[in-house]
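Report on the structure given below.
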Amino acid sequence: MDRQNLNVYAREFNLNYPETLDGLNFHVLNNPLFNLISKKKFIIDVTDLEREQSKCKLESVDGDEAEEEEEEEHIKDKGKINLLNTYYTDNEILLYSLLGSLIEDKVYSFEGYIVSTFVIKINSSYYSAWIYRRKCLKKLNLNFINDLKFTKFIISDNIKSFQSWFHRRWLVEYIYKLNMKKVRVKQKGEDNSVTSQRNKEKEDEMIKTGTAETGEWGHMDVTSNTYFDDDSKFISNDEEESNISSTATPFEDASSDDGFISNCEHSEFEIKREDVNLYDDLQNIIENSTFFKNALEPNEEININEFLYEEILYNNCDIFIDTKNYNSWAHKTWLIDKFSILKNEYLCEKYNILLHEFNYINYFLKCDIYNNSVWVYRHFIFYKLKYMNKIDMLEREIMFCLHYAKQFSDNEALFNYFIHIVFKYIDLYRKKKRKDKDKEKDKDKDKEKDKDKDKEKDKEKDKDKEKDKDKEKDKEKDKEKDKEKDKDKNKEYTKDIFQISIINNLKNELTKLKAKSKFLLIFLSQLYAYNGSYYDESQCYRYLERNDDFNNDVWKCKIEYVGD
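In the numbering used here, the protein residues as written are 33 to 596.
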């Protein structure tokens with residue numbers, strides 16, 4: 033954990049990391065209201081064990097009861113019998129029995145929300161508690177921002193709890209959609225008021241002119257009203273939904289999520305909300321806990337761009353805790369992909385989010401250049417920014433990778449990234465050369481047409497035959513020159529990738545270092561295989577066979593395969 037730099041980063045961007053929550057003390061469980069809730073038994077005792085055994089017994093053939101030793105042989109599905117009890121503290125016994133009863137009875141109350149809070153605090157991997165919590169949040173319309181703070185608090189304590197990360201993702205998407213729905217309703221209301229005002233003015237005008245009696249309403253402008261009634265005009269796809277600026281107010285229709293699996297369904301916003309009954313015991317808990325008090329606050333409209341920016345920054349802090357944690361990086365890529373963070377005009381203009389992300393990547397590469405997660409994320413950013421389609425950007429990236437490959441030749445993560453960049457560059461280079469060649473052909477065709485026109489002019493002018501012969505000879509010479517040029521161009525765009533100067537250069541540079549690392553040799557073998565240079569590829573495998581003692585059989589198979 034890079035705690036020092038984490039604190040510097042959090043201070044730089046005014047983040048309260050990790051989240052601190054007030055009023056989540058277990059003494060709350062001493063409140064009398066928890067004695068009123070029914071409890072589900074979950075500790076297995078001897079009586080329960082005998083009952084389970086009796087369920088699984090097979091009837092004897094003679095119908096008589098067998099002896100105790102023989103009974104064991106007639107028990108089917110022994111694996112289904114719970115034989116082990118885990119030790120639980122008094123608080124755990126109380127909480128698990130309360131939650132089990134609430135789930136079984138399908139009671140979604142604020143008391144249940146409190147119980148799930150403490151269950152998750154002691155066991156953040158309890159998936160049923162998270163599911164129950166989500167149902168309470170929706171049913172009671174509790175404050176989602178407040179619950180997001182709780183989820184961040186839990187994650188900072190147990191960064192690898194994927195159940196917590198899923199709940200966080202669900203909250204972010206739910207808050208986003210709920211906020212966009214409010215913005216849309218508000219905008220629709222304003223639009224209706226403007227339209228009704230215009231209609232009234234038109235009606236007054238027509239009454240004055242007498243056109244109202246004939247029903248001639250002229251060219252009434254109702255387009256703005258019908259426009260917002262049509263969700264398909266409002267948003268076309270998931271990418272567009274997320275590409276919001278400071279003035280944009282998109283809201284998704286069910287069809288807009290076709291390209292992306294949603295964590296919360298559209299129907300979840302249509303749930304009938306229930307009021308929280310604040311009786312004395314419950315009121316006492318709320319008064320003594322800022323967290324539970326905030327849970328009852330209404331969900332106000334927020335600046336969704338600022339909300340997404342804060343979520344990105346907070347997620348970056350999570351990565352400082354464990355720079356190789358899958359959940360942290362997966363949440364980050366999901367945020368950027370789902371909400372098109374890198375295309376968000378507001379974030380790009382106000383916070384220069386692109387530069388921020390590149391600096392973030394470079395920082396972690398300097399800290400640990402062997403971190404595969406950072407290289408994967410770098411590839412993801414390049415892909416999202418469509419740098420993979422820009423040949424000049426790929427050339428710069430090849431030089432960047434070559435620089436570090438020479439210094440860290442044993443870096444498997446770097447070479448895995450490097451080979452993908454190289455293959456993409458070669459593909460783009462060849463496409464570019466083909467286009468250039470096609471343009472040259474078009475020019476040659478134009479020249480031929482011009483020459484044909486010249487021929488006709490020459491015939492019309494009845495020039496001497498000798499001059500015509502000389503011209504024909506010149507034309508043949510020109511054709512031969514053109515053919516030679518075409519051959520040169522074919523060699524240039526070519527099937528041999530090592531005729532591309534930058535590829536040939538990196539091959540020569542890395543060949544000098546081939547004795548240093550097997551990952552470097554694997555990289556070269558992939559280059560040779562891509563080029564069809566099978567002899568050079570097999571030579572790489574032969575070198576690996578001699579020097580890589582643990583995998584020599586693998587390289588033998590590779591050599592045989594290339595030979596075939």
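Quick reminder that beta carbons are idealized off the backbone N, C-alpha and C, glycines included. Computed from a predicted model, the values in this text were never measured in an experiment.
### Query
Looking only at its own chain, which residues have a Cβ that is under 6 Å from the Cβ of Ser157, when we skip the five neighbours before and after it?
For the purposes of this step, residue 157 is taken as the residue at position 125 of the sequence shown. Ser193 and Gln195, listed in sequence order.
### Task
Kindly indicate which residue of Lys416, Asp580 and Leu559 has the alpha-carbon position closest to the one of Ile532.
Taking the first residue of the sequence shown as position 1, residue 532 is located at position 500. Per the Cα distances, Leu559.
### Query
Do you know offhand how far Ile554's Cα is from Asn443's?
Within the sequence shown, residue 554 is the residue found at index 522, counting from 1. Within the sequence shown, residue 443 is the residue found at index 411, counting from 1. Ile554 and Asn443: Cα-Cα distance of roughly 12 Å.
### Query
If you draw a straight line from the C-alpha of Gly55 to the C-alpha of Phe323, how long is it?
Residue mapping note: residue 55 aligns to position 23 of the sequence shown, counting from 1. Residue mapping note: residue 323 aligns to position 291 of the sequence shown, counting from 1. Near 6 Å, if we compare the C-alpha coordinates of Phe323 and Gly55.
### Task
Determine contact between the region 316–333 and the region 367–385, defined as no fewer than three beta-carbon pairs at a distance below 8 Å.
no
### Query
Using the C-alpha atoms, what's the distance from Ser188 back to Asn348?
Counting from one through the sequence shown, the residue named residue 348 turns up at place 316. Counting from one through the sequence shown, the residue named residue 188 turns up at place 156. Approximately 12 Å, taken between the alpha carbons.
### Query
Along the chain, which unbroken stretches of the alpha helix (DSSP H) at least 4 residues long are found entirely within the region 374–455?
377–383, 385–399, 404–416 and 423–439
### Counted within 10 angstroms of its Cβ, other Cβ atoms place Lys523 as buried (16 or more) or exposed
To locate residue 523, count along the sequence shown from 1; it is residue 491. For Lys523, the predicted model reports a pLDDT of 46, less than 50, meaning its position is unreliable; a value from the coordinates is still stated below. Classification for Lys523: exposed.
### Query
When you compare only the Cα positions, how much space is there between Leu180 and Asn536?
In the sequence shown, the residue the question calls residue 180 occupies position 148. In the sequence shown, the residue the question calls residue 536 occupies position 504. Going from the Cα of Leu180 to the Cα of Asn536 covers about 52 Å.
### Message
If contacts are defined as beta-carbon pairs under 8 Å, then Ile430 and Ile534 qualify, I think. What distance do you get, rounded to the angstrom?
### Response
Start at 1 with the first residue of the sequence shown, and residue 430 comes out as number 398. Start at 1 with the first residue of the sequence shown, and residue 534 comes out as number 502. Sure, about 6 Å apart at Cβ, within 8 Å.
### Query
Taking the alpha helix (DSSP H) that Lys581 falls in, what are its first and last residues?
Walking along the sequence shown from the start, residue 581 turns up at place 549. Here the sequence assigns Asp to residue 581, which means Lys is not the residue at that position. Looking at the DSSP string, Asp581 is not in any alpha helix (DSSP H), and its letter there is neither H nor E.
### Query
By DSSP, does Asp34 sit in helix, in strand, or in coil?
On the sequence shown, residue 34 is found 2 positions in, with the first residue counted as 1. In the structure shown, Asp34 sits in coil (DSSP, three-state: anything other than H, G, I, E or B).
### Task
Would you tell me roughly how many angstroms separate the C-alpha atoms of Thr281 and Leu130, rounded to the nearest one?
Within the sequence shown, the letter at position 249 stands for residue 281. Within the sequence shown, the letter at position 98 stands for residue 130. Per-residue confidence for Thr281 stands at a pLDDT of 35, beneath the threshold of 50, marking its modelled position as unreliable; the derived number appears in the next sentence. Cα to Cα, the separation comes out at about 43 Å.
### Message
Can you give me the C-alpha to C-alpha distance between Asp459 and Lys546, rounded to a whole angstrom?
### Response
Reading the sequence shown from its first residue, position 427 is the one you call residue 459. Reading the sequence shown from its first residue, position 514 is the one you call residue 546. Asp459 and Lys546: Cα-Cα distance of roughly 25 Å.
#### Entry: Local conformation of Tyr560 per DSSP, three classes
Here residue 560 corresponds to residue number 528 of the sequence shown, with the count starting at 1. Looking at Tyr560 - three-state DSSP - the assignment turns out to be helix.
### Task
Would you mind sorting Tyr358 into buried or exposed? The rule is 16 or more other CB atoms within 10 Å of its CB.
Position 326 of the sequence shown holds residue 358. With fewer than 16 other Cβ atoms within 10 Å, it is exposed.
### Task
Would you mind sorting Tyr395 into buried or exposed? The rule is 16 or more other CB atoms within 10 Å of its CB.
On the sequence shown, position 363 is the one that residue 395 refers to. It is exposed - the Cβ of Tyr395 has fewer than 16 other Cβ atoms within 10 Å.
### Message
To test your reading of the DSSP string, which unbroken alpha helix (DSSP H) runs of 4 or more residues are found completely within the region 312–366?
### Response
312–319, 322–327 and 336–353
#### Entry: C-beta contact flag for Glu381 and Val204 at 8 Å
Working through the sequence shown from its first residue, we reach residue 381 at position 349. Working through the sequence shown from its first residue, we reach residue 204 at position 172. No, Cβ-Cβ distance for Glu381 and Val204 is not below 8 Å.
### Task
Give the straight-line distance between the Cα atoms of Ile22 and Asn421, rounded to the nearest whole angstrom.
Missing from the structure shown is residue 22; the chain here goes from 33 to 596 and no further.
### Task
Check Phe185 in the structure and name its three-state DSSP category.
For this step, residue 185 is matched to residue 153 along the sequence shown. Helix at Phe185.
#### Entry: Residue from Tyr419, Leu426, Tyr402 and Phe371 with nearest C-alpha to Lys209
Numbered from 1 along the sequence shown, position 177 holds the residue referred to as residue 209. When each option's Cα is compared against that of Lys209, the closest is Phe371.
### Query
Where does Asn178 land, buried or exposed, given buried means 16+ other C-beta within 10 angstroms?
Residue mapping note: residue 178 aligns to position 146 of the sequence shown, counting from 1. Counting Cβ neighbours within 10 Å, Asn178 comes out buried, since at least 16 surround it.
### Message
If distances are taken between C-alpha atoms only, which option among His435, Asp350, Asp400 and Tyr415 comes closest to Asn48?
### Response
Residue mapping note: residue 48 aligns to position 16 of the sequence shown, counting from 1. Nearest C-alpha to Asn48: Asp350.
### Task
Would you give the residue range spanned by the alpha helix (DSSP H) that Ser565 belongs to?
Position 533 of the sequence shown, counted from the start, is the residue given in the question as residue 565. Unbroken run through Ser565: none, as it is neither H nor E.
### Message
I need the boundaries of the alpha helix (DSSP H) containing Asp137, first residue and last residue.
### Response
Residue numbering aside, residue 137 sits at position 105 when the sequence shown is read from its first letter. Looking at the DSSP string, the run of the alpha helix (DSSP H) that includes Asp137 is Asp122 to Asp137.
### Query
Once you ignore the five residues that flank Cys168 on each side, which residues in its own chain have a CB closer than 6 Å to its CB?
Position 136 of the sequence shown, counted from the first residue, corresponds to residue 168. The answer, listed in chain order, is Tyr140, Gly144 and Tyr145.
### Message
For Thr543 and Leu556, what's the separation of their Cα atoms in angstroms?
### Response
Numbered from 1 along the sequence shown, position 511 holds the residue referred to as residue 543. Numbered from 1 along the sequence shown, position 524 holds the residue referred to as residue 556. Looking at the two C-alpha atoms, the distance is approximately 8 Å.
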